[in-house]
Structure formats: structure tokens, C-alpha cells
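Engineer: Take this structure first; my questions come after.
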Amino acid sequence: MKKITVLDSDILSKMKMRAVKSAIRKLQPETFIRQCMDYNLQRFKDSLDMLKHHPWIVNLCIKWAASSIGDKRATKVGDTRTLNKILQQTYDVMPYIPVGLKSADSIDFFFRNNLYQQLMYQTSSTGHYISREAFIFGRLDPHHKLSRRFFELTNLSVERFVMLSITFTFLISSKKNVIKEVTADMFSILTPYISREEIFYFLDSLSISYEDLPEFCKRKTTENPLKEYFLPSPFIENPLIKYNDKFLLLHTQLTLASLQTFIYDLLRRDDPEKFMDSFGSIFENLVKDIFDESKIRYIDEQSLKKHLPQENKVVDFLIPHEAANIFIDAKGVEIHERGMVTLSHSEISGRIKNSVLKTIEQAHAVNREILNSPKLITDFKSESYILCITYKNLMLGNGTFLEKSYATDGVSKIRKNHDDAYQIPDSHIFCISIEEFEYLMSSCKEHGRQPYEVLRYAVEMNRTPSQTVFLFIQHLEKFFGQVTKSEMIRKTGLDLLERMTENIPGLKQNVNLVNE
């Protein structure tokens, strides 16, 4: 029997995917989309039961069906049996898609691709995410370019948007009822403090109109099965469909995931370059605030520059300790879509050149000077670590994954430029999200531990395949038992909620999300 190669598998998956899309194109799209949404919004036993219904498959079918809106050939009205058959056919394509299981050195790609496909449906603590966005963007001057641009895009201030986000999160998270359609009347408890007009602005910001849906879905569709099946659903941008006077929910967890970083995502999508020009310093200040709250000693970039040669590269922060040094760089970047779901080393390496790889280079440049002139900054430590902090999780794991799978050439080039005497091992390099950094520092403060102890534990765990984890937060949860969140960020959400409850009778008994 002929062995199926990766090339054969790629061809087969494309053929099977086209067959499913062809079957969906024959169906009356409005009816089929409604059936998919009902399937998504049924009452599940728990989160695991919801995941067993593969929402990423259902939302993919919705995208393909929406592309056929307006096609006169799409007339067949299917029933529940038709829906189940289509969903099964769509799911059955997956075993043929090359995802990194054909060879041992590609297994890291398999884990990473699956995280991009499914992680958005597993996140929790939406209230705290929203509080973090309020802490970051709500503190900006109303005349700041990002504040002004957000208002131009939504007709809402950041503060108003956050207040409505907190309320909306409560409404759709209720265990009593499964919300399928959203109307402005559902927010009536907020009026007159928040006007009906503002409520519509909020819902419009989260939605895509039914008329614009086909063009949006066509634009977000490719002929690459790996990208189609494993990239995060494009509906994360607009989790509601505006249909006549109603706003239709696609999936509850998808909507919650969208709300968690909506302000950041909207501003970045609007103009990535202009956004990063402003956000870089904002992000560094956020990291500094988390440092200050933790009371853990650090040296910032300005202090490093004072003590290092003028041309020397520096990191944003250094945690000096008698046991170990930790080099930290805050890169408020997000990996390009092409570098998300892929089996290509170059697609990842090329897109982290100015973030993760730059951090590794900068850390080694500083460590070199510490070795040569220890009295300038701090004593050289044979045990050192590198943390690259990004706003969202880049799903890169630790430096071992980087060197072995994602950026072999990039890491090798850096190492060739530096002596072995001060090199920091791949296993001591971590790419973590701002959420993970916040939990690391807050948990260290709560439990009286030092960050290097947690990093040392993570390195030790990663030595054993059965203990290796892809997301740093999993190490945090095992080390501390339960992670601690930043009190200043939590308080930002609580203060907003308190302001709302002072002006809206009866709200306090109904909304309590920021305590998540």
C-alpha cells in the first residue's frame, strides 16, 4: 500500500475542503447560518461539553456559508440532518491536513497550531481582561491620539465602552438563559446614565451587518486548509451579526474572547504602524507599573544606558539578584497572521526578527558588558534568564522551541556573535504575554517569592517531556497553586463599576464581573 506523503495529504485536504465548501454553497445561507448559530448557542453541560461540539468547525461553516449570500444558486433548505452531515464532513477534512505530526521535529508546530485554533474558546476571567484594557487605555488623556481615534471609530470614549463591555459580559455569561439575540432593551438598566444611542454605538462596534457579511467572509477565506481550519475565527473582530434591528450572537465564548482585547485589536487593525508608534511606550509603562506594584527591585532602560557604552544595545528592564539575573524586554507586538498558523520555520522567524530575536540579542549584549565590567551595573551570574513580553501570547513557548523549531537560523546567528562565557541557554528564554507577566509578578509578591525561582522551576519542569508545557501560565499555576492578579488592574474595573452603581440603582446586585 502506498504511503501517503505530506504533499499527497495537502492535495487530499484541499480536494476534500473544496467538496465541503461546494456542498455548503448549495444551501440557502440564511437558514444554514441560523442553524449553525443555534447549534453554537445550545445549552451545554459545561465548558468541556461546549468544546466537544467543536465551535471552530461550526464557525468555519458559517464563514463559508456567508460567502454565498446573494448567490441565486444557493436555494436548498437543509434540516437538522443536513446540518449534522455538513459539520461532520467539515470535521472529516482535518485528518488530511498536514499539521506537524508527520515528523518528530514538527510536533511543536502541531501544538502551536492547535492553540491558535482552540485557545480563544477556553479563556476565562473576561472581567479582568476588560479591567486591564481600562487600565491601559482608560488612563490616557482624552486628547491622546489613540483615545481620539477610538472615539472616531466607535463614537464612544474608552470609559463608556468598558462600562458597556462589563455589562454585556454579564448579560451573555448568565447561566439562566442562553442569549441568541441582543437588543438595546437588554441594557435598559443602564439608562439614562448611558444613553440608548451609546448602547447602539457599542453594539454597532461589535457587529458586522448582514449586507457586509459576504464580502467580509470572502476576504477572510483562503484555499489553504491549514490556515482555514486553524487560524482564529475572523469573527473575533465582529462577534455579532446585525440583522434588521437585532444583533445576533455567533458564539458566547467567541464574544467574550473578542471583548477581552477589543480596544487593542480595533486600534491596531485600524493602522498597525501608527498604533505601534504610540503603543510601544504605553506598553513599557504598563510593565513598569506591574514592577512597581510587585516591589521587586529592577533596573530600567534609562539606568542601563547611563552605565553602558553609548552604542551598546540594552533591554527595557533587568532584575538583578544574588542568585540570577533576568533580562526583560517589553515588545508590544503581535505576530503577523502568516506567522501564526504555519509549518514553515521562515514564516515564524521572519516575523519575530524585530521582537523576540531582537530581545535575545539585546539581552546578550547587556550580559557581555556585565561580565566585562560587573561593577557598572550588577555582578555577573552564570544563571540568567530572558523574558520577552508581548501584549498577546505569540504561542512560542520557551527558547528551546525557538531554537529547535521556529527560528533555528535566527537564534544561531545571534549565538555566533557572542562568546560562550556569557551566553544564556535556550531553555532559559521565555516568550510570555502581559497577562502571564502580570500573574508572575503579582503571585511572587503575594507568596514572597522571587521571579528567578519560578523560572528555575519552569526550566526544571521542561527538562522532562511529560512535564513540559507550551504556555507559561501552566507553570505559574503549578508553582503557586493559584495565580494572583494585579490589584491595581482589578481596582480599575472595580472603580468603574462603583461609578456605575452610584448612578444606576439596582446594578450592584446584577454585575460583579471584575472579581473573576
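Per the numbering used here: the sequence shown = residues 710 to 1225.
Where is the CB? At the ideal position from N, CA and C, for every residue including glycine.
Pick helix, strand or coil for ASP980, following the three-state DSSP scheme.
Structural biologist: The residue labelled residue 980 in the question sits at position 271 within the sequence shown. Coil at ASP980, not helix or strand.
Engineer: What is the rounded straight-line gap between the Cα of ARG1124 and the Cα of MET872?
Structural biologist: Here residue 1124 corresponds to residue number 415 of the sequence shown, with the count starting at 1. Here residue 872 corresponds to residue number 163 of the sequence shown, with the count starting at 1. Distance between the alpha carbons of ARG1124 and MET872: 48 Å.
Engineer: Could you check where the beta strand (DSSP E) with ASP1038 kicks off and where it finishes?
Structural biologist: For this step, residue 1038 is matched to residue 329 along the sequence shown. Looking at the DSSP string, the run of the beta strand (DSSP E) that includes ASP1038 is 1034-1039.
Engineer: Using DSSP bridges, identify the partner residues of SER1093.
Structural biologist: Residue mapping note: residue 1093 aligns to position 384 of the sequence shown, counting from 1. In DSSP, SER1093 forms a bridge with ASN1034.
Engineer: If I'm right that PHE992 touches ALA1039 with Cβ under 8 Å, what's the distance once you round it to whole angstroms?
Structural biologist: Within the sequence shown, the letter at position 283 stands for residue 992. Within the sequence shown, the letter at position 330 stands for residue 1039. Your pair PHE992 and ALA1039 checks out as a contact, with CB atoms roughly 5 Å apart and the cut at 8 Å.
Engineer: Quick check: the Cα distance between GLU982 and GLY1041, rounded to an integer number of angstroms?
Structural biologist: Translated into the one-based positions of the sequence shown, residue 982 becomes position 273. Translated into the one-based positions of the sequence shown, residue 1041 becomes position 332. Straight-line Cα distance between these residues: approximately 12 Å.
Engineer: What first and last residue would you give for the alpha helix (DSSP H) that runs through ILE908?
Structural biologist: Locating residue 908 in the sequence shown gives position 199, counting from the first residue. Its alpha helix (DSSP H) spans residues 905-915.
Engineer: Have a look at LEU757, ARG782, LEU828 and flag the residue whose alpha-carbon is nearest the alpha-carbon of LYS735.
Structural biologist: To locate residue 735, count along the sequence shown from 1; it is residue 26. Out of LEU757, ARG782, LEU828, ARG782 has the C-alpha closest to the C-alpha of LYS735.
Engineer: Looking at LEU1103: is its Cβ nearer than 7 Å to the Cβ of ILE1044?
Structural biologist: Position 394 of the sequence shown holds residue 1103. Position 335 of the sequence shown holds residue 1044. A contact, by the Cβ cut-off of 7 Å.
Engineer: Which residues mark the beginning and the end of the alpha helix (DSSP H) in which LEU757 is found?
Structural biologist: Counted from its first residue, the sequence shown places residue 757 at position 48. Unbroken alpha helix (DSSP H) run through LEU757: 756-761.
Engineer: Only counting the same chain, and skipping five residues up and downstream in sequence, which positions put a Cβ closer than 6 Å to that of PHE846?
Structural biologist: The residue given as residue 846 occupies position 137 in the sequence shown. So the qualifying residues of the chain are VAL867, ILE972.
Engineer: Going by DSSP in three states, THR1138 sits in which element: helix, strand or coil?
Structural biologist: Residue mapping note: residue 1138 aligns to position 429 of the sequence shown, counting from 1. It is Ile, not Thr, that sits at residue 1138 in the sequence shown. DSSP places ILE1138 in strand when its eight states are reduced to three.
Engineer: By alpha-carbon positions, which one of ALA843, ILE917, LYS1187 ends up nearest to GLU946?
Structural biologist: Translated into the one-based positions of the sequence shown, residue 946 becomes position 237. The shortest CA-to-CA distance from GLU946 to any of ALA843, ILE917, LYS1187 is the one to ILE917.
Engineer: For the beta strand (DSSP E) that contains LYS951, what are its first and last residues?
Structural biologist: On the sequence shown, position 242 is the one that residue 951 refers to. It spans 949-952 - the beta strand (DSSP E) in which LYS951 sits, taken as one unbroken run.
Engineer: Can you pull the DSSP bridge partners for THR1099?
Structural biologist: On the sequence shown, position 390 is the one that residue 1099 refers to. Its beta-bridge partners are SER1142.
Engineer: Within its chain, find whatever has a CB closer than 8 Å to the CB of PHE909; leave out the 5 residues flanking it on each side and keep chain order.
Structural biologist: Start at 1 with the first residue of the sequence shown, and residue 909 comes out as number 200. Excluding residues within five positions, the ones whose Cβ falls inside 8 Å are ALA893.
Engineer: Nearest-angstrom Cα distance between ILE1138 and GLY1108?
Structural biologist: Against the sequence shown, residue 1138 aligns to sequence position 429. Against the sequence shown, residue 1108 aligns to sequence position 399. Roughly 5 Å between the two C-alpha positions.
Engineer: Identify the continuous beta strand (DSSP E) that holds LEU1242 and give its terminal residues.
Structural biologist: Examination of residue 1242 is not possible in this model, given that the chain is present from 710 through 1225 alone.
Engineer: Give me the residue from ARG1047, THR784, PRO764 with the minimum Cα distance to TYR800.
Structural biologist: Indexing the sequence shown from 1 puts residue 800 at position 91. When only C-alpha atoms are compared, the closest one is PRO764.
Engineer: Which one or two residues does DSSP pair with ILE1028 in a beta bridge?
Structural biologist: Indexing the sequence shown from 1 puts residue 1028 at position 319. For ILE1028, which the question treats as bridged, DSSP gives the partners ILE1035.
Engineer: Pick helix, strand or coil for VAL891, following the three-state DSSP scheme.
Structural biologist: Within the sequence shown, numbered from 1, the residue matching residue 891 stands at position 182. In this structure, VAL891 counts as strand in the three-state DSSP scheme.
Engineer: Which residue's Cα is closest to the Cα of CYS1097: THR1117, SER1082, LEU1085, VAL1065?
Structural biologist: Working through the sequence shown from its first residue, we reach residue 1097 at position 388. Measuring from the Cα of CYS1097, the nearest candidate turns out to be VAL1065.
Engineer: Taking VAL1065 as part of the alpha helix (DSSP H), name the residues at either end of that continuous run.
Structural biologist: For this step, residue 1065 is matched to residue 356 along the sequence shown. Here the alpha helix (DSSP H) through VAL1065 covers 1065-1081.
Engineer: Ends of the alpha helix (DSSP H) at TYR825?
Structural biologist: Along the sequence shown, read from residue 1 onward, the residue named residue 825 stands at position 116. 816-827 is the span of the alpha helix (DSSP H), which, as asked, contains TYR825.
Engineer: Let me confirm a value: GLY1157 is counted as buried when at least 16 other C-beta atoms fall within 10 Å, else exposed. Which label applies?
Structural biologist: Indexing the sequence shown from 1 puts residue 1157 at position 448. Looking at its Cβ environment, which holds fewer than 16 other Cβ atoms inside 10 Å, GLY1157 is exposed.
Engineer: Please confirm whether MET1209 and LEU1216 have their CB atoms less than 7 Å apart.
Structural biologist: Indexing the sequence shown from 1 puts residue 1209 at position 500. Indexing the sequence shown from 1 puts residue 1216 at position 507. Yes, Cβ-Cβ distance for MET1209 and LEU1216 is below 7 Å.
Engineer: Considering just the uninterrupted stretch of the alpha helix (DSSP H) at PHE753, what are its terminal residues?
Structural biologist: Translated into positions along the sequence shown, residue 753 becomes position 44. For PHE753, no alpha helix (DSSP H) run applies, since DSSP gives it neither H nor E.
Engineer: Taking C-alpha atoms, which residue in ASN823, VAL729, TYR830, VAL786 lies nearest to GLN798?
Structural biologist: Within the sequence shown, residue 798 is the residue found at index 89, counting from 1. Selected option, being the one with the closest Cα: VAL729.
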